[in-house]
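Here the working numbering = 1-based position in the sequence shown + 738.
The structure appears below as structure tokens.
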Amino acid sequence: MAIVVLADLRGRGGMVNKDTVAGGYGSRFRADSVWTRIAKNARSVFLNVPSIHVGYLAAIFAREGHEVVVTHDDRAVEGDLALVLTSLVDYRHEREWAAAARARGMRVGFFGTPATHLPELFEGFGDFVLTGEPEAAALRLAAGEEMSGVVPSPAINDLDSLPFPRWDLVKMRRFGHASHRRVGLTRAVPMLTSRSCPEHCTYCPHRITASFRSRSVANVVAEMEELQRLYKNVHVKIRDPLFTLDRERCLAIAEGIRARGLKLSFECETRMDDLDEELIRSMHAAGLREIAFGVESPDPAVLKKVARRYIPHEHMRRMIDLCWRLGIVTTAFYIIGFLQETEEVIEETIRFACNLDTTHANFKILTPYPGTPQFKQLKPLVFETDWEKFDGYTLTFNHPNLTPRRARLMLGMAYSRFYGRPSRLFNFLGMHRYSRHPLLERADAWAWRKYDYFDRPWVSERKATA
Ligand code: SF4
739 MAIVVLADLR
749 GRGGMVNKDT
759 VAGGYGSRFR
769 ADSVWTRIAK
779 NARSVFLNVP
789 SIHVGYLAAI
799 FAREGHEVVV
809 THDDRAVEGD
819 LALVLTSLVD
829 YRHEREWAAA
839 ARARGMRVGF
849 FGTPATHLPE
859 LFEGFGDFVL
869 TGEPEAAALR
879 LAAGEEMSGV
889 VPSPAINDLD
899 SLPFPRWDLV
909 KMRRFGHASH
919 RRVGLTRAVP
929 MLTSRSCPEH
939 CTYCPHRITA
949 SFRSRSVANV
959 VAEMEELQRL
969 YKNVHVKIRD
979 PLFTLDRERC
989 LAIAEGIRAR
999 GLKLSFECET
1009 RMDDLDEELI
1019 RSMHAAGLRE
1029 IAFGVESPDP
1039 AVLKKVARRY
1049 IPHEHMRRMI
1059 DLCWRLGIVT
1069 TAFYIIGFLQ
1079 ETEEVIEETI
1089 RFACNLDTTH
1099 ANFKILTPYP
1109 GTPQFKQLKP
1119 LVFETDWEKF
1129 DGYTLTFNHP
1139 NLTPRRARLM
1149 LGMAYSRFYG
1159 RPSRLFNFLG
1169 MHRYSRHPLL
1179 ERADAWAWRK
1189 YDYFDRPWVS
1199 ERKATA
């Protein structure tokens, strides 16, 4: 029996998310104003879930009789073998930790998306780097194999063959989750019912490590049953990139939850065109309380350039309206800085986001992630040499119409326009039914005109010709 240390390090500087965020590259939100500092601190208290692959690796090593220690901080931990979850935004920290562990005599390996697509970043700081999904290699390590160099870890096709993640081996204070519809923290755990995505969006890092596979309905429901046995009123964060791809499977999962009377809530990420009223109602009856989905840009021409299939806006509006009626929180993702975009076009995206009126909106700056087709396309334009700046909030390439500073200003404007609307306050207070009231629409329009954030030439031109 060996002592196996799994290092899922808390990121340094800002709010760092790893594991399944940005396909495993992670994101770092740096607070640079009072409001962003408040948002950062609130997020770190209320939105804490452990890393899914750490849960899986803990289960694999524990099943083989090894002692598993999960660590999140820089304190020295003793063991025989350490596996470090990598991110792009905090890779220096992870390398430092690995080098120190190695100096104490441990064998050290790296895993995760950056280890897979940029193994050279980690070679020399540990004994081996796993490329691919880590479970297949973890099974070999658990059986006693010694590894060195770059070690391919092929994707496991039969996901039902994996043990359920062992959250009891992960420190409990990482399990926080709160929704604005509920007061207090709920225990939240992540879950993968499928992996990867069969779509072809060129900027997306979720689909580049392995092909799409899904677990059986029985296996998914059995894991939920196990979670309910361990934790009261658990909230399950389904981290599949495209949960509702197979409609019948989702209906069957919802039916399975209801049939077993499981008392849990869950959330998922998906594409809006893979949702319809019957499916949403069925999942809601089973405990669905949050849906996140990509909009990216409202412009079909921009989406076509990045091979993203367009979703009719009318359909999105109908689904979002239904979610408001059922009390399901919606989060829409937007990307700023597609090559064709000007600042004026970006402002239209922000206007669209306000008008679409989801509960939350998440704006990021286009980031070319290694391994994506977009990275190949933009490589000649990439000027940023510090990988930690590929954090989702920084412009890293020479954009034809944007400078890094202007991109950051547009990003700030997106958040303050979306969250600073008077109607958003009504939404927050549970009075969304008034959000299309003419008086509130006038108040929103007034607020839009009132906040003039920075010089925007197209606005001055419009004023001059009015
Ligand atoms: S649909 Fe979503 S997860 Fe799938 S490739 Fe496109 S952006 Fe990625």
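Positions of the beta carbon are idealized from the N, C-alpha and C atoms, including for glycine.
- In the three-state reduction of the DSSP assignment, ALA881 falls in the coil class, being assigned neither a helical nor a strand state.
- DSSP, read as helix, strand or coil, puts ALA948 in coil.
- Within the model, the alpha-carbon separation for ARG996 versus VAL972 is close to 15 Å.
- In this structure, ARG933 has its CB at a distance of at least 7 Å from all heavy atoms of the ligand SF4.
- Shown in chain order are the residues whose CB sits closer than 7 Å to a heavy atom of the ligand SF4: CYS935, GLU937, HIS938, CYS939, CYS942, HIS944, ARG945, PRO979, LEU980, ARG1009, GLY1032, ARG1046.
- Taking the Cα positions, GLN1115 is about 42 Å away from ARG1174.
- Relative to PHE902, the option among GLU1122, SER1020, ARG801, ARG766 whose CA is nearest is ARG801.
- Of the candidates GLU1179, ALA1099, ARG1162, the residue whose Cα lies closest to the Cα of THR1068 is ALA1099.
- With 16 or more other CB atoms across the displayed protein chains lying within 10 angstroms of its CB, TYR1131 is buried.
- Going by C-alpha positions, ARG878 is about 23 Å away from ILE946.
- A residue is called buried once 16 or more other Cβ atoms fall within 10 Å of its Cβ, and GLU871 is buried on that count.
- Burial state of TRP835 is buried, judged by a 10 Å Cβ sphere holding 16 or more other Cβ atoms.
- Between MET844 and ALA1070, the alpha-carbon positions lie close to 43 Å from each other.
- Per DSSP, GLU1034 lies in no alpha helix (DSSP H) segment; the continuous beta strand (DSSP E) that holds it begins and ends at 1026–1034.
- In the three-state reduction of the DSSP assignment, ASN1136 falls in the coil class.
- Under DSSP, ALA745 takes part in a beta bridge, and its partners are THR809, VAL822.
- In terms of Cβ geometry, VAL846 and VAL806 do not form a close pair [threshold 8 Å].
- Taking a C-beta distance under 8 Å as the contact criterion, ALA880 and PHE799 qualify as a contact pair.
- In the three-state reduction of the DSSP assignment, MET1169 falls in the coil class.
- Assignment of PRO903 by DSSP, reduced to helix, strand and coil, places it in the coil class.
- Assigned with DSSP and collapsed to three states, THR982 falls in helix.
- Around the beta carbon of LYS1102, a 10 Å sphere encloses 16 or more other beta carbons of the protein chains shown; the residue is thus reported as buried.
- For the pair GLU963 and MET885, the Cα-to-Cα distance works out to about 36 Å.
- In the DSSP assignment, MET962 falls within the alpha helix (DSSP H) that extends over 955–968.
- If you check the CB distance, PHE1031 and CYS1092 do not come in under 8 Å.
- With contact defined as three or more Cβ pairs closer than 8 Å, the region 976–995 and the region 1019–1028 are in contact.
- By the neighbour-count definition (other C-beta atoms within 10 Å, threshold 16), ARG1009 is a buried residue.
- Exposure of GLU1016 is indicated by the presence of fewer than 16 other C-beta atoms within 10 angstroms of its C-beta.
- Under the DSSP assignment, ILE1058 falls in the alpha helix (DSSP H) whose first and last residues are 1051–1064.
- Between THR851 and GLY761 the beta-carbon gap is near 6 Å, inside 8 Å, which marks them as a contact.
- Within the region 1061–1117, the complete alpha helix (DSSP H) segments of 4 residues or longer fall at 1081–1094, 1111–1116, listed in chain order.
- Using a C-beta cut-off of 8 Å, the region 924–940 makes no contact with the region 823–837, since fewer than three inter-stretch Cβ pairs fall below that distance.
- Comparing C-alpha distances from PRO1111 to each of HIS855, ALA841, ASP1129 shows the shortest one belongs to HIS855.
- CA-to-CA, the gap between SER1035 and ALA814 works out to about 45 Å.
- As computed with DSSP, LYS975 is found in a beta bridge with PRO928, GLU1005.
- In the structure shown, the three-state DSSP call for PRO890 is strand.
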